[in-house]
Structures are given as structure tokens and as C-alpha cells.
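Notes for the one structure printed next.
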Amino acid sequence: LQSFYPPGRPVEPFQGWPYTIILFYKFLQFFKQTTLTEAAILSPLLMVALIPIPAFFLGKTLTENNIAGLATALFAVLTPTFIGVSTAGYCDSDATVVFYSFLSVFSVMLALKKRSIPYYASAILANLLFVFNWGGGWLTLILFFVFFPAIIFFRAIESVFRTRKFAFDLQALLKEAKTFLLPLGIIFIVTNLIGFFLWNSTMLHSFFGGLAFTGLVGQPLLVNISVAELQPINIFSREGFFAVVNRVGLLPVLLTFFGLPLLAFYKIYRKERISFEEIFLFLWAFVMFYLITRGVRFSLLFSIASAVSAGYVIGNLLRYLKGKNVLIFSTVFGFIALLTLMFVSDAIQFGLASTGMILSQNWYDALDWLKVNADKDSLIVTWWDPGHIIAGYTGLKVHADGAHCPPGVCIPYDHNIRIQDMGFVFSTSDEEKAVATLKKYMSLTPQQCQEVKKAFADAIPKEACKPVTEMYLIASSDLIGKYHWLSYFGQRGNAKDFIQLPLTGYDPNQGILSYYNGVIYLIRKENQWVPVYQGRYVIKEIVYYEDGAQKRLNFTNVTDSVDGLLWVDPSYRIVIFMLPEVRDSLFTIMFFWNGRGLKHFDLKFSNPEVRIFKVIF
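Residues 2 to 618 in the working numbering are what the sequence shown lists, from first letter to last.
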């Protein structure tokens with residue numbers, strides 16, 4: 002009920018990660034008195050500590066080599082993309098996804114090798130736990146399902162290289178496939194049956210849901226347009242490839258893209274059969290790498306595949322080079338050792354620079370004010386990012402949070418509707434229309450309430466249709482940088498920006514401040530600042546601060562002028578240029594002028610980062 006109110010959002014069945022945090026909370030009680038919040042903050046780090054275990058055993062199982070296991074574990078936890086989402090306080094499910102990715106693949110590989118009921122059961126359990134912790138946890142079984150056509154493809158290529166003919170031994174292929182069919186069939190069928198009865202979820206549901214989320218099929222959620230990590234990139238371009246390298250690490254990428262294929266060709270040269278493990282690693286790495294075309298966010302999944310592939314290549318290099326020419330052995334592993342040291346060094350630097358999810362004291366003060374002063378049935382509205390934090394910390398209802406809630410799930414106002422409404426409220430200059438837009442979230446109509454009850458039947462609480470008693474709106478400093486997307490969604494694609502320019506020069510003799518290398522100058526004339534664009538055009542309005550007092554000047558009578566307003570930070574280290582549409586928006590009035598002149602937004606709390614307004618209907 003707290004999020005996406007009214008009427009709230011359905012609770013997803015995949016609640017493994019919250020329950021894991023509770024288990025960590027109980028575990029930490031044995032050592033010291035710990036609050037649930039403190040346990041939640043530490044939970045990602047505890048998961049990071051567990052990840053090397055399945056990573057090591059997966060690497061060792063694939064190669065029967067401890068060094069391969071250690072290399073896999075090292076690469077698993079030190080990739081930049083993983084460090085960025087596994088710091089203390091970052092309570093998203095990323096660390097859990099990495100842990101169960103290794104565990105689920107390891108359990109299935111072990112089941113394929115051992116072919117006995119206990120190992121089938123452990124693989125089923127591991128994959129069910131993966132799904133319980135993350136709805137997309139069917140990914141491992143989907144990969145093994147695709148493994149069947151993949152092995153036919155690879156065996157055909159292998160046969161062409163060996164015989165120089167476009168033909169392969171179908172009988173041998175079928176014989177090999179039978180060795181996988183029984184164990185994988187058991188794991189597929191049992192896991193899907195249990196998943197369907199527990200969560201109404203199967204591999205098929207997850208597969209098509211994943212295609213829709215990534216935009217590979219159908220229309221993606223509107224909000225994904227604004228998520229930088231979900232923007233399509235060309236991974237086959239130089240810039241795209243190095244974007245992946247910077248997130249995953251040079252050595253794992255090199256060993257995956259070059260080491261794994263070279264290993265396969267070397268085995269063909271030696272007339273050795275390419276193992277099914279290698280075929281699976283090819284498939285895993287290729288699929289995860291291709292997913293990055295839908296956004297660099299998926300580099301985390303690729304980092305898992307590349308960690309295993311890199312460990313596998315290192316293990317096989319030890320196998321093939323051991324006892325061979327000492328010079329070759331020393332050169333190869335000296336090069337790997339050097340790149341490993343560089344990889345670890347980069348990870349240390351990246352880790353030291355990562356701060357995790359830290360709230361400033363200004364935000365804590367604002368949230369504390371809401372906890373004390375807002376009615377328990379209040380609704381807090383702002384841009385969607387901090388919704389989780391507001392709901393979790395204050396216990397109050399929020400208009401939206403940082404998660405997706407697509408059509409058919411959030412009724413009657415899904416994520417697309419809510420984000421456009423809030424974008425409109427912040428970016429419009431029409432206060433009456435903004436208030437009318439917000440008013441519909443005070444309560445559902447009887448027809449809307451009936452629609453919700455029809456969709457969710459007995460699952461919906463009685464309080465879901467209860468009107469809220471009051472509404473508070475938050476205008477915060479982070480929305481200055483995000484205003485492009487507020488206006489994009491709110492004005493149906495007509496995006497505008499706060500143009501922020503840093504101080505780059507100062508001429509004390511002439512009294513001139515230069516911003517962004519002369520794009521804008523502040524020129525001192527007659528004891529006041531005159532804003533000049535490109536050394537020629539005077540900006541019509543300026544707001545600056547002197548001796549603690551705000552000054553607002555107008556230059557509308559100047560012939561060569563640019564319409565808009567220049568806001569000068571009190572430190573003079575940055576200026577912000579606003580076009581008329583941005584200058585007149587409700588967000589600008591709320592944040593920069595504390596809501597001065599507004600009738601329906603009453604300022605209740607203010608600090609340098611956060612303004613809280615009570616909405617007056």
C-alpha cells in the first residue's frame with residue numbers, strides 16, 4: 002500500500018532478497034545488537050563475501066583445477082560494474098543475482114557430471130532460490146535450454162573444420178545429446194512445475210517478459226527512455242567495446258573474446274573434441290554480451306559469464322603449458338599476472354571511489370520532518386527516484402518509487418501515467434492544471450476502486466481505496482540535472498534543460514567572470530552584474546546574491562538580448578541559464594523562489610537541497 006498509491010502495487014512473489022536480509026539480521030544478532038536498517042546496509046557486503054564460494058567451485062568443476070577456481074572467484078567480485086552495485090547500503094538485488102548466477106550454473110553443471118538424484122535436487126533447489134530472489138532468475142535454465150540447438154551448431158562448425166566438408170555425424174550428436182537430455186529434462190520439468198505452483202512463473206513467462214523489458218520485443222516501458230543504463234549501444238564500435246571493457250575489466254574481456262576461441266581452435270588442431278562446457282561458455286558469453294546492446298546495465302550479467310570464461314581459459318592454459326617450454330609458460334603467465342595486477346589495482350581504486358547509497362544530512366532532515374509532521378495517511382509526491390527511500394524511512398505512502406510498475410500491474414495509474422503526470426506538474430507553468438493533475442491521486446473513484454477489486458479480488462486490502470488525508474510535494478536539487486526528463490515526459494517529448502556552466506576564468510582588472518570558456522560572461526558595470534552571452538547578447542534577466550541579499554535585474558530594453566534568466570550561485574562558481582519555459586515552470590518557482598506567488602503549494606520545510614510543500618486543493 003505504501004508505493005504507487007492509490008491503490009498501491011501488487012506485492013511480487015519473488016521476495017527472497019528481503020527474507021535474506023532478515024536472515025542476515027538474525028545472524029548479526031549473535032554478535033552485537035543490530036537494527037534491521039543496519040543489517041540491510043551490510044547485507045550487500047555479506048553477499049559479496051559469499052559470492053567467491055560458488056564462483057570458485059564452478060571454476061574448479063569446469064576445469065578440475067584450483068587455480069581456475071581462484072581466478073573465477075577473483076574476477077567475480079572485482080569487476081567495476083559489480084563493485085558499483087555492491088557497496089554497503091546499495092540494497093538492490095544485484096549482489097544476489099551474481100551469487101545465484103554462479104550457484105545455479107554450478108549446480109546444473111554438477112548435475113550433468115554426476116547424473117544422480119541428489120545432484121538433480123540441488124540444481125532444482127538452487128534455481129528455485131534464484132527465481133525466488135529475482136524474477137529473472139530463470140535465466141540460467143533458459144541458457145541451458147538454448148544449449149541444445151547451440152551444441153548442434155557448434156558440432157557442425159567443428160565437423161567442418163575437421164573434415165573440410167559441410168557434414169557432421171548426426172548419430173554421434175544424438176548420442177551426446179541423450180547424455181544431457183535426461184538430467185536437464187528432469188531439472189526443467191520439476192523446476193517449472195514448482196515455479197508455476199509457487200509463483201505462477203515459468204521459463205516461458207520469464208523469457209517473454211525479458212524480451213519485453215529489454216525492448217527486443219514489443220514496446221518497452223516509457224520510463225526506460227530516461228534510464229541511461231538502458232540506452233541501446235553499439236558494442237561492436239570502438240566506443241561501445243571499450244565501454245564494456247571499462248565496466249568488466251580488460252583481462253576478463255580479452256580471455257573471453259580471444260582466449261576462449263583460441264582454446265577451441267587449439268583443441269581442433271590437436272584433434273581434441275570441444276567440450277560441452279566450452280560450448281556452454283561460448284553461448285553464455287555471447288548472449289550476455291549481446292544483451293549489452295540494449296543497455297550497459299546488462300554488463301553485470303556479462304561480467305559473470307566473462308569471469309567464468311576467463312577462469313576456464315587460465316585453467317586450460319595451465320593444463321596445456323605445464324611441462325612445456327619454460328619461456329612460453331613464463332611469458333604467457335607473466336602477461337596474465339601483469340594484467341591481473343592491473344585489474345586488481347583498478348578494482349581497488351574504483352572501490353575507494355565508490356560511496357554506496359548515501360543520503361545527505363539535508364535529506365535526512367527532510368525525511369525526519371515528514372515523519373514528525375505529516376499525517377500517517379499522507380501521500381508524498383515527487384519524481385520517482387527516491388520513492389523507495391521515502392516510503393521505507395518515513396512509513397508514508399508515495400506516488401511512485403524507483404521500480405517499474407507497468408500497465409496491467411498498477412491499476413488504474415501505471416508507471417507510464419504517473420511519470421508523465423509528475424513531469425507535467427514540475428514542468429508546467431499552469432498551477433491550476435498541475436493541482437488538478439495531482440488531485441486525482443487523493444482518492445480513487447468508485448468505478449476505479451471496482452476495477453482494482455476486479456483485477457486483484459481477495460488479494461487487495463480494504464485500505465487500498467481509502468482516500469489520503471493530505472499531500473506533500475518534494476522539489477529537490479537533484480531534479481535540476483534531471484529536468485530534461487521531467488520536461489520530456491511532462492511536455493510530451495518537448496524536453497528543456499537547466500544549462501549549468503562552471504566558472505572558468507576571472508579578470509580582476511576588468512571585473513569580468515567567464516563561464517564555460519566564454520559562453521557566458523558576467524561583466525561588472527555601474528555596481529551591478531550584467532550577463533552576456535557569447536560576448537555579444539545580453540541575457541534579459543539575472544538573479545545573483547550580494548552581501549546575503551538576492552538581486553534580480555531586468556534588461557528587457559536592451560536591443561541585442563537573449564530571452565531567459567541567468568541564475569548565479571551565491572559562490573559564483575556556477576551559473577544556470579533558463580529558457581523562459583524553464584524559468585516559468587513550477588519546479589523553478591518552487592526550488593529557486595521557494596514557491597513565491599503560488600496559491601496551491603505552501604512551503605513547509607526548506608534546506609539547501611530539499612523543499613517540501615503542502616498541496617492546497
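All C-beta atoms, glycine included, are put in the ideal place defined by N, C-alpha and C.
* Asked: Just reading off the beta strand (DSSP E) that R612 is part of, what are its end residues?
  -> 611-616
* Asked: What does a CB cutoff of less than 6 Å around R525 pick up in its chain, not counting 5 residues either side in sequence?
  -> G512
* **Proximity of Y534 and I540 at Cβ, strictly below 7 Å** => Going by C-beta atoms, Y534 is nearer than 7 Å to I540.
* Take M579 as the anchor and find which of W370, I590, F259 has the nearest alpha-carbon. => I590
* Mind checking whether C641 and L445 have CB atoms under 7 Å apart? -> Nothing can be reported for residue 641: it is not among the residues displayed for the chain, which extend from 2 to 618.
* **alpha helix (DSSP H) runs contained entirely in the segment 24-54, provided each spans 4 or more residues** => Taking only runs of at least 4 residues, the alpha helix (DSSP H) segments lying wholly in the segment 24-54 are 37-51.
* Asked: Looking only at C-alpha atoms, which of S572, E471, I329, F588 sits nearest to V611?
  -> F588
* Using the beta-carbon count (16 or more within 10 Å), is H485 buried or exposed? -> Burial call: exposed.
* Please state if the CB of V569 and the CB of V563 are separated by a distance shorter than 7 Å. => Between V563 and V569, the CB-CB gap reaches or exceeds 7 Å.
* With 16 as the cutoff for other CB atoms within 10 Å, does E527 come out buried or exposed? -> Around the C-beta of E527, fewer than 16 other C-beta atoms lie within 10 Å, and the residue is accordingly described as exposed.
* To do: With N67 as the anchor, note down where its beta strand (DSSP E) starts and where it stops.
  => From DSSP, N67 is part of no beta strand (DSSP E) but of the alpha helix (DSSP H) over 67-79.
* Please confirm if L205 has its CB atom under 7 Å from at least one CB of chain B. => Among the chains in the structure shown there is no chain B, since it carries only a single protein chain.
* What did DSSP end up calling A476 once you bin it into helix, strand or coil? -> Strand.
* Three or more C-beta pairs closer than 8 Å, one from the segment 119-133 and one from the segment 181-200: is that the case here? -> Yes: the two stretches touch, three or more of their Cβ pairs being nearer than 8 Å.
* Touch check for the segment 96-116 and the segment 72-86: three-plus C-beta pairs under 8 Å? -> As far as the Cβ criterion goes, the segment 96-116 touches the segment 72-86, which means the pair count is three or higher.
* In three-state DSSP terms, what is A446? -> Note that residue 446 corresponds to Thr in the displayed sequence, not to Ala. Residue state, collapsed to three classes: coil.
* For W530, which beta-bridge partners are listed by DSSP? -> R525
* Is K483 near V583, with beta carbons less than 7 Å apart? -> no
* Pick helix, strand or coil for L205, following the three-state DSSP scheme. => helix
* Which term fits N66, buried or exposed, when burial requires 16 or more other beta carbons within 10 angstroms of its beta carbon? -> The residue is buried, with at least 16 neighbouring Cβ atoms inside 10 Å.
* Indicate whether the contact test is met: 3 or more Cβ pairs, each with one atom in the segment 292-312 and one in the segment 67-80, closer than 8 Å. => yes
* Asked: Hey, is the segment 421-428 in contact with the segment 488-502, meaning 3+ C-beta pairs nearer than 8 Å?
  -> yes
* Asked: With distances taken between CB atoms, is the gap from F602 to I613 smaller than 7 Å?
  -> In this structure, I613 does not lie closer than 7 Å to F602 by Cβ.
* Asked: In chain order, what residues of the same chain lie with their CB nearer than 7 Å to the CB of D366, ignoring the 5 residues before and after it?
  -> N608
* To do: Whole angstroms is fine: what's the gap from F31's alpha carbon to F58's?
  => Their Cα atoms are separated by approximately 29 Å.
* Going by Cα to Cα distance, which pick from Q529, G536, F344, V559 is closest to D548? -> Q529
* The alpha helix (DSSP H) with N128 in it runs from where to where? -> 118-134
* To do: Tell me, please, which residues DSSP counts as bridged to G506.
  => Answer is S515.
* **Inter-residue spacing [alpha-carbon to alpha-carbon] between I42 and C92** => 7 Å
* To do: Report the rounded CA-to-CA distance for P8 versus A460, giving the unit in angstroms.
  => 12 Å
* **Minimum C-alpha distance to M343 - residue among G250, T257, G396** => G250
* Contact check, C406 vs F15, beta carbons under 7 Å -> no
* Does the segment 20-40 come close enough to the segment 295-308 that 3 or more CB-CB pairs lie under 8 Å? -> no
* Asked: For the candidate residues I236, G352, D508, V147, whose alpha-carbon lies nearest to that of A89?
  -> G352
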